[in-house]
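>
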DNA sequence: TATAATTTTCAATAATTTTTGAAAGTTTAA
DNA sequence: TTAAACTTTCAAAAATTATTGAAAATTATA
């Protein structure tokens, strides 16, 4: 496999994996491209490499910036903006986990809490609803906490212990 | 909040969360409905509760069965099939993690391995591609292993230790 | 075996999501 | 200022994904 093919393969694989961490294809592909690029890239370069429109590029780069994964860079004497992504995988994982937790998991946990707190009217179906949503709430809470601890701060004791445990 | 409203809320919340674990809305909603239902339900009941068509119900129940999350039940003297979902949240998490790993994560890890093994031609861009995909490969490998260990078997030492650690 | 009950299939349609591209907006430098 | 270089916006179009519903297939019973 040659460089060009390998890069395309990576961009495409990472792009289709976007759904796994809750972003769309173009956004994931832009991030992938920047991730393996030794130098920051301009809008033009991203458009050319991924064969996507200017508008698409602009919107998705903006979203990546909102996520805190991509940064603008300005070069002296140049008008255009250069974009680069976080290069450290641990840091990347930390940011993604935090954002997903904040945007999706925490709100769901809150809703589960509310649902599991409805008044028990003594019927079987109500008891079941309360029991099951409570169980789900507790699991989600534990998973969310674990996820955040697992990725937070590189040298933190939880992650190092975890690494040892699973080896 | 009354029972009916709470149930709808749960089905809808869980449904929109479907993307988080990689399934579509209807599939997630059916699972949610069965999850809080004290008794197994028939196709007719699912259709009525979720206001979806027979075909949609059939296809998505089938997928849930493929995932190993839903089971068919037959009642003596009755022709129609009853469906029920796994009720234990730990077991549910285990099944989902295993399936996602098998369907999505493992194939990506395999691809990352291949990409990071391309010949180093000495150029900066090739070095960067190799370095970054290797880092991602290792992270994905660790995360996948951790995920599987974290959810596998209720009384296993990893999970109990984890629980203690994060409390 | 015939028939009635039920489930499955799948082409057509609908809904949703993504992408485009051109106009509007912004910034910099002469 | 003005104009050129560049970025952002957003309505319309395209692409993708989900849903329907009726016909075909299957299954159980008489």
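Chains as they are written, first to last, in my numbering: chain A, 1 to 167; chain B, 168 to 334. Even glycine gets a Cβ: it sits at the ideal position worked out from N, Cα and C. None of the values given here were measured: they were computed from a predicted structure.
Would you report the Cα separation of residue 100/A and residue 187/B, rounded to the nearest angstrom?
Translated into positions along the first chain, residue 100/A becomes position 100. Translated into positions along the second chain, residue 187/B becomes position 20. So the alpha carbons of these two residues sit roughly 9 Å apart.
> Report the neighbours of residue 176/B on chain A: residues whose CB is nearer than 9 Å to its CB, in chain order.
In the second chain, residue 176/B corresponds to position 9, counting from 1. 111, 114 and 115, listed in chain order.
> Strictly below 8 Å CB to CB, what residues from chain A border residue 285/B?
By one-based count along the second chain, residue 285/B stands at place 118. 1, 2, 3 and 6, listed in chain order.
> Using 8 Å for Cβ pairs, my map puts residue 228/B next to residue 197/B. What's the rounded Cβ distance?
Reading the second chain from its first residue, position 61 is the one you call residue 228/B. Reading the second chain from its first residue, position 30 is the one you call residue 197/B. Yes, they are in contact, since the Cβ atoms of residue 228/B and residue 197/B sit about 6 Å apart, within 8 Å.
> Going along chain B in order, which residues have a C-beta closer than 7 Å to the C-beta of residue 89/A?
As a position in the first chain, residue 89/A is number 89, starting the count at 1. Going along chain B in sequence order, the residues near residue 89/A (Cβ under 7 Å) are 302, 303 and 306.
> Alpha carbon to alpha carbon, how far is residue 68/A from residue 136/A?
Numbered from 1 along the first chain, position 68 holds the residue referred to as residue 68/A. Numbered from 1 along the first chain, position 136 holds the residue referred to as residue 136/A. About 30 Å.
> With DSSP as the reference, please indicate the residues paired to residue 41/A in a beta bridge.
Mapped onto the first chain, residue 41/A falls at position 41. In DSSP, residue 41/A forms a bridge with 83/A.
> Thinking C-beta only, is residue 269/B closer than 9 Å to residue 189/B?
What you label residue 189/B is simply residue 22 of the second chain in a count that begins at 1. What you label residue 269/B is simply residue 102 of the second chain in a count that begins at 1. No, these two residues do not count as a Cβ contact at 9 Å.
> Go through its chain and collect everything with a Cβ distance to residue 219/B's Cβ below 7 Å, but skip five positions before and after it.
As a working note, residue 219/B is residue 52 in the second chain. Here the set comprises 193.
> Between residue 205/B and chain A, is any beta-carbon pair separated by less than 9 Å?
Looking up residue 205/B in the second chain gives position 38. So yes, residue 205/B belongs to the interface.
> Quick check: is the beta carbon of residue 272/B nearer than 9 Å to any beta carbon in chain A?
As a working mapping, residue 272/B is identified with position 105 in the second chain. Interface residue, yes.
> Distance, Cα to Cα, residue 134/A vs residue 65/A?
As a position in the first chain, residue 134/A is number 134, starting the count at 1. As a position in the first chain, residue 65/A is number 65, starting the count at 1. Each residue's alpha carbon lies about 36 Å from the other.
> Measure from the alpha carbon of residue 6/A to the alpha carbon of each residue in 265/B, 309/B and 280/B, then state which is nearest.
Residue 6/A sits at position 6 when you count from the first residue of the first chain. With distances taken between Cα atoms, residue 6/A lies closest to 280/B.
> Throw me the rounded Cβ distance for the residue 175/A and residue 144/A pair, which I believe falls under 8 Å.
For residue 175/A there is no data in the structure shown, the boundaries of chain A being 1 and 167.
> So, at 7 Å on beta carbons, what are the nonlocal neighbours of residue 86/A in its own chain, with the 5 sequence-adjacent residues on each side left out?
Numbered from 1 along the first chain, position 86 holds the residue referred to as residue 86/A. So the qualifying residues of the chain are 69, 92 and 95.
> When DSSP labels each residue in this structure, what does residue 49/A get in the three-state scheme?
Locating residue 49/A in the first chain gives position 49, where the first residue counts as 1. Looking at residue 49/A - three-state DSSP - the assignment turns out to be helix.
> Closest to residue 176/B by C-alpha separation, out of 251/B, 239/B, 216/B and 225/B, would be which residue?
Within the second chain, the letter at position 9 stands for residue 176/B. It is 216/B.
> In the DSSP assignment, find the alpha helix (DSSP H) that holds residue 292/B and state where it starts and stops.
As a working mapping, residue 292/B is identified with position 125 in the second chain. Per DSSP, residue 292/B belongs to the alpha helix (DSSP H) from 291–318.
> DSSP on residue 240/B, reduced to helix/strand/coil?
Residue numbering aside, residue 240/B sits at position 73 when the second chain is read from its first letter. Correct three-state label for residue 240/B: strand.
> Kindly say whether residue 230/B, judged by its beta-carbon, lies nearer than 9 Å to any beta-carbon of chain A.
Residue 230/B sits at position 63 when you count from the first residue of the second chain. Judged by the 9 Å Cβ criterion, residue 230/B is not in contact with chain A.
> Can you name the residues of chain A whose CB is closer than 7 Å to the CB of residue 260/B?
Indexing the second chain from 1 puts residue 260/B at position 93. Simply 139.
> Tell me, please, whether the CB atom of residue 212/B is closer than 9 Å to any CB atom in chain A?
Locating residue 212/B in the second chain gives position 45, counting from the first residue. No, residue 212/B does not count as interfacial toward chain A.
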